[in-house]
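Contents: one structure, followed by commentary.
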Amino acid sequence: MNKAQKVKYVISELNELYPDVPVPLDHKDPYTLLIAVLLSAQSTDVRVNMITPILFNKADNPFDMVKLSIDEIRQIIKPVGLSPTKSKGIHGLSEILIEKYEGKVPQSLELLEQLPSVGHKTASVVMAQAFGVPAFPVDTHIHRLMYRWGFSSGKNVVQTEKDAKRLFPEELWNKLHLQIIWYGRQYCQARGWNISKDHITKKIGRKSVLKSINYL
């Protein structure tokens, strides 16, 4: 099976497993998605989804968010980790959204990346899932699977994103990156990985990965 055939196989299998794939983070609009994704850095979606209802009950828009102090935000989001940095970022970006964008989240990757605490991955998720603009945000699951499947070198997420965009059709990016995340969580975990359940990697995975778990 050559690489093009492997790509078609992955797309087919993921569509079979996840014909309709939800965004893991609970949100209702671009602003709440932006905040949720920001909070998810070095945390889990489960934990974030436990905290955001509390935060959004007090402030689910930038105008209400800036009425809270940074310390008030920090106390609410403390369970997700990195709360000092994240609380400053949330307050700061909310101020900028009001001052520059009439309280709306800009529909531009470049403008989003200029906001406090908003990196390339966070901006890409918002562009893809809030605005439907083709993007391929790379998280740890996608980075891991792209390497195990032999689609990327595994050197860094920047290269992984380039490889994913080169291999997969642009019209599939937004759905596919979510499908790969769900597959990674269910079948191809970083820890406790059971290759017998991971049928995609078992079929197309790079030999070095399979040898390392004594599969070959």
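Per this note's numbering, the very first residue in the sequence shown carries number 163; after that it's consecutive.
Just so it is clear, CB atoms sit at the ideal spot from N, CA and C, and this is done for glycine as well.
The beta carbon of A221 sits closer than 6 Å to those of M227, L230, all from its chain and outside the five residues before and after it, given in chain order. Contact annotation: the segment 334 to 352 touches the segment 294 to 311, with at least three C-beta pairs closer than 8 Å. Listed in chain order, the non-local C-beta contacts of Y193 below 7 Å within the same chain comprise N223, P224, V267, local neighbours out to five positions each way being set aside.
Taking a cut-off of 8 Å on C-beta distances, the segment 208 to 219 touches the segment 241 to 254, as three or more cross pairs fall below it. Counting along the chain, L196 sits inside the alpha helix (DSSP H) bounded by residues 192 to 201. The beta carbons of E323 and V300 sit closer together than 9 Å. T284 and L179 do not touch by the CB rule: their CB atoms are close to 26 Å apart, not below 8 Å. Between K359 and S174, the alpha-carbon positions lie close to 17 Å from each other. With a beta-carbon spacing of about 6 Å, I258 and L277 fall inside the 8 Å limit used to define contacts. The Cβ atoms of L196 and L255 sit closer than 9 Å to each other.
Note on the segment 268 to 347: there is no whole beta strand (DSSP E) run with a minimum of 3 residues.
Comparing alpha carbon positions, the residue from I238, A290, A198 closest to E332 is A290. Under a 10 Å Cβ-count criterion, S249 is classified as buried, with 16 or more other Cβ atoms of the shown protein chains found around its own Cβ. DSSP places L176 in the helix class (H, G or I) of the three-state scheme.
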